[in-house]
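Notes to accompany the following structure.
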Amino acid sequence: MSVSAMFAALQGALGQDQDIREVPGTGGDGRGTGRDGADGALCPQEIRKVVQALEQTAREMLTLLQGVHQGPGFQHIPKKCQKAREHFSTVRTQMESLKTKFPADQYYRFHEHWRFVLQRLVFLAAFVVYLESETLVTREAVAEILGIEADRERGFHLDIEDYLSGILTLASELARLAVNSVTAGDYSRPLRISAFINELDSGFRLLNLKNDSLRKRYDGLKYDVKKIEEVVYDLSIRGLNKEATVGAGGEN
């Protein structure tokens with residue numbers, strides 16, 4: 001499935017997720033049914049403990065993957081991705097624990113507790129998949145990697161806006177990777193990143209983003225596109241894009 005097709009399919013589900021937050025009784029407005037009183041009061045504290053563990057795991061993964069930007073890091077991408085996937089095993093265990101800390105019907109009531117770390121984990125999963133295959137990971141695949149659901153009706157799930165936020169973070173990371181690729185003498189990678197980011201930008205244009213925070217994040221995508229275009233232009237001026245094209249052709 002192309003990136004544009006993926007985003008066209010996301011638009012319908014995005015509208016449904018946005019609507020569900022506005023329906024009383026779903027937990028979107030903080031008034032969902034479930035545990036309350038003294039027992040319910042423990043939920044935020046229990047949730048925070050698990051979220052803190054998730055944040056620590058995410059930091060360890062980020063530190064690991066940041067190594068691809070440094071010197072010989074490109075040569076060790078497969079090993080770093082393999083190690084990162086081992087960390088996702090820990091994430092899945094922590095997610096199972098998190099699911100037990102609040103009533104299933106109050107997902108959006110407590111969503112703010114794990115929203116940021118979930119977006120970070122989406123980015124990390126997307127970055128690993130991109131480094132492995134230079135493709136965009138689907139929301140369903142991310143949910144599987146994290147050990148949660150893609151379908152809201154099946155319980156603890158990957159909210160579409162959280163998925164999109166993580167993908168926008170990926171775009172910024174790839175803009176950085178394009179610059180560092182040139183420094184490392186890899187002139188073909190920025191060209192491939194440019195094609196990928198342009199397709200990603202086209203996909204986001206298909207979405208009707210109502211969330212102010214997400215819309216502002218999307219506004220930053222144009223700067224990532226511009227940054228990568230400048231890298232590609234510089235390669236063109238120096239004649240290195242032809243060298244990269246010839247080199248890539250020779251690999252096939």
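Residue numbers (full-length UniProt numbering): 1 to 252. By construction, the Cβ of each residue, glycine as well, lies at the ideal position given by its N, Cα and C atoms.
#1: Please work out which residues of its chain come closer than 7 angstroms, Cβ to Cβ, to Val-137, disregarding the five sequence neighbours upstream and downstream, and give them in chain order.
#2: What number of angstroms, rounded off, separates the C-alpha of Ile-167 from the C-alpha of Phe-116?
#3: Please determine if the stretch 223-243 and the stretch 172-187 are in contact, where contact requires at least 3 C-beta pairs separated by less than 8 angstroms.
#4: Can you give me the start and stop residues for the alpha helix (DSSP H) that Asp-201 sits inside?
#5: From the DSSP secondary-structure annotation, give me the bridge partner or partners of His-157.
#6: Taking C-beta to C-beta, are Gln-11 and Leu-158 nearer than 8 angstroms?
#7: In its own chain, which residues sit with a C-beta less than 6 angstroms from the C-beta of Asn-198, not counting the 5 before and 5 after it?
#8: Using a beta-carbon distance below 8 angstroms, is Ala-126 in contact with chain D?
#9: Per DSSP, what kind of secondary structure is Gln-56 in: helix, strand or coil?
#10: Report whether the distance from the Cβ of Val-68 to the nearest heavy atom of the ligand MN is below 7 angstroms.
#11: Taking the continuous alpha helix (DSSP H) assigned at Asp-212, which residues delimit it?
#12: Can you give me the C-alpha to C-alpha distance between Ala-13 and Ser-213, rounded to a whole angstrom?
#13: Is DSSP giving Glu-173 helix, strand or coil here?
#14: What residue range does the alpha helix (DSSP H) around Ala-84 cover?
#15: Going by C-alpha distance, which of Met-61, Gly-155, Ala-104, Trp-114 is nearest Gln-45?
#16: At what residues does the alpha helix (DSSP H) containing Phe-116 begin and finish?
#17: Since I believe Lys-83 is in contact with Leu-62 (beta carbons under 8 angstroms), could you give me their beta-carbon distance rounded to a whole number of angstroms?
#18: Can you give the Cα-Cα distance for Val-3 and Arg-215, rounded to whole angstroms?
#19: Going by other Cβ atoms of all chains shown within 10 Å of its Cβ, with 16 needed for buried, is Asp-162 buried or exposed?
#20: Does DSSP classify Gly-12 as helix, strand or coil?
#21: By the 10 Å Cβ neighbour count, where 16 or more other Cβ atoms means buried, how is residue 282 classified, buried or exposed?
#22: Between the beta-carbon of Ile-47 and the beta-carbon of Phe-7, is there less than 8 angstroms?
#23: How big is the Cα-Cα spacing for Val-50 and Ile-228?
#24: Looking only at its chain, what residues have a beta carbon closer than 8 angstroms to the beta carbon of His-76, apart from the 5 residues adjacent to it on each side?
#25: Using a Cβ-Cβ cutoff of less than 7 angstroms, which residues in the same chain neighbour residue 275 once the five nearest sequence positions on both sides are dropped?
#26: Rounded to whole angstroms, how far is the Cβ of Ser-165 from the Cβ of Gln-119, which I believe are closer than 8 angstroms?
The structure says:
#1: Counting only Cβ-Cβ distances below 7 angstroms, and skipping sequence neighbours, we find Ala-125, Ala-126, Val-129.
#2: Taking the straight line from one Cα to the other gives about 13 angstroms.
#3: Verdict: yes, contact present.
#4: Asp-201 -> alpha helix (DSSP H) spans 189-204.
#5: The bridge partners DSSP lists for His-157 are Glu-149.
#6: Against a cut-off of 8 angstroms, the Cβ pair of Leu-158 and Gln-11 comes out as no contact.
#7: Here Asn-198 has no same chain residue with a Cβ atom under 6 angstroms from its own Cβ, once five neighbours each way along the sequence are excluded.
#8: Absent from the structure is chain D; it holds one protein chain and no more.
#9: Per DSSP, reduced to three states, the secondary structure at Gln-56 is helical.
#10: Looking at this structure, you won't find the ligand MN or any other ligand, since it has none at all.
#11: Segment 212-219, the alpha helix (DSSP H) holding Asp-212.
#12: Straight across, the Cα-Cα distance linking Ala-13 with Ser-213 is about 18 angstroms.
#13: Note: Glu-173 maps to helix in three-state DSSP.
#14: Counting along the chain, the alpha helix (DSSP H) containing Ala-84 begins and ends at 77-99.
#15: Of the listed residues, the one whose Cα sits closest to Gln-45 is Trp-114.
#16: Per DSSP, Phe-116 belongs to the alpha helix (DSSP H) from 107-133.
#17: Not a contact, Cβ separation roughly 12 angstroms.
#18: Spanning the two alpha carbons is a distance of roughly 19 angstroms.
#19: Looking at its Cβ environment, which holds 16 or more other Cβ atoms inside 10 Å, Asp-162 is buried.
#20: Note: Gly-12 maps to helix in three-state DSSP.
#21: With the chain running from 1 to 252 in the structure shown, residue 282 is simply not present.
#22: In this structure, Phe-7 does not lie closer than 8 angstroms to Ile-47 by Cβ.
#23: C-alpha separation (whole angstroms): 37 angstroms.
#24: Excluding positions up to five away in sequence, the list reads Gly-67, Val-68.
#25: Lying before the first or after the last residue shown, residue 275 is absent from the chain, which here runs from 1 to 252.
#26: With 8 angstroms as the limit, Ser-165 and Gln-119 qualify as a contact, their Cβ atoms being about 4 angstroms apart.
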